[in-house]
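Colleague: Residue 111 in numbering that gives the first Met the number 0 sits at position 112 of the sequence shown, and the numbers go up by one each step.
Please read through the structure below; I'll follow up with questions.
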Amino acid sequence: MKLLVVDDESDVQFLFQQRFRKEIKSGEMQIKYALNGTSALELIESMENKTDYLILTDINMPEMNGIELLKKIKARYPELKVFMITAYGDEQNFKMAKNLGADDYFTKPLQFELLKQKLNYSAI
Numbered sequence: 000m001k002l003l004v005v006d007d008e009s010d011v012q013f014l015f016q017q018r019f020r021k022e023i024k025s026g027e028m029q030i031k032y033a034l035n036g037t038s039a040l041e042l043i044e045s046m047e048n049k050t051d052y053l054i055l056t057d058i059n060m061p062e063m064n065g066i067e068l069l070k071k072i073k074a075r076y077p078e079l080k081v082f083m084i085t086a087y088g089d090e091q092n093f094k095m096a097k098n099l100g101a102d103d104y105f106t107k108p109l110q111f112e113l114l115k116q117k118l119n120y121s122a123i
């Protein structure tokens with residue numbers, strides 16, 4: 000499994016490395032990180048096997064928020080799976096993300112066991 004985690008909170012990278020340390024160490028998982036939507040798009044553009052990655056993005060970020068990133072990803076690479084994460088569990092963002100093609104939606108604080116289950120299911 001390959002993940003691109005997009006979040007403007009710098010501690011997210013450490014958190015994912017801790018929660019997925021066994022999978023990373025065994026080579027089952029590779030994780031790349033971007034601090035905003037603009038950086039994420041640049042990273043996606045540079046990837047050779049884009050469809051190998053699942054995108055996990057926060058909604059509320061500077062420069063380009065997660066909703067804008069979702070729109071751009073789905074317009075350019077509709078086959079990419081995008082999971083949305085937000086501290087704001089409001090119905091409006093949920094509906095907007097689903098209407099724009101989000102494959103799943105999580106609220107913060109992130110429940111890593113649930114995320115692991117959904118990642119395993121989505122890899123099938």
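Don't be surprised by glycine CBs; every beta carbon is placed ideally from N, CA and C.
1. Cβ of leucine 68 within 8 Å of Cβ of alanine 39?
2. According to DSSP, which residues form a beta bridge with aspartate 57?
3. Within 10 angstroms of the Cβ of aspartate 89, are there 16 or more other Cβ atoms? Answer buried if so, exposed if not.
4. Ignore the nearest five residues each way along the sequence and tell me which others in leucine 3's own chain have a CB closer than 6 Å to its CB.
5. Measure the alpha-carbon distance for lysine 115 versus serine 121 and round it to whole angstroms.
6. Using a 10 Å radius around the Cβ and a threshold of 16 neighbouring Cβ atoms, would you call alanine 101 buried or exposed?
7. Contact between the stretch 16–26 and the stretch 69–85 is defined here as three or more beta-carbon pairs at a separation below 8 Å; is this criterion met?
Modeller: In short, the structure shows the following:
1. Taking the sequence shown and counting its residues from 1, the one referred to as residue 68 is at position 69. Taking the sequence shown and counting its residues from 1, the one referred to as residue 39 is at position 40. Contact flag set, yes.
2. Counted from its first residue, the sequence shown places residue 57 at position 58. Ile84.
3. Numbered from its first residue, the sequence shown carries residue 89 at position 90. With fewer than 16 other Cβ atoms within 10 Å, it is exposed.
4. Your numbering for residue 3 matches position 4 in the sequence shown. Around leucine 3: Lys31, Tyr52 and Ile54.
5. Within the sequence shown, numbered from 1, the residue matching residue 115 stands at position 116. Within the sequence shown, numbered from 1, the residue matching residue 121 stands at position 122. Looking at the two C-alpha atoms, the distance is approximately 10 Å.
6. Here the question's residue 101 lines up with position 102 in the sequence shown. Alanine 101 should be labelled buried.
7. no
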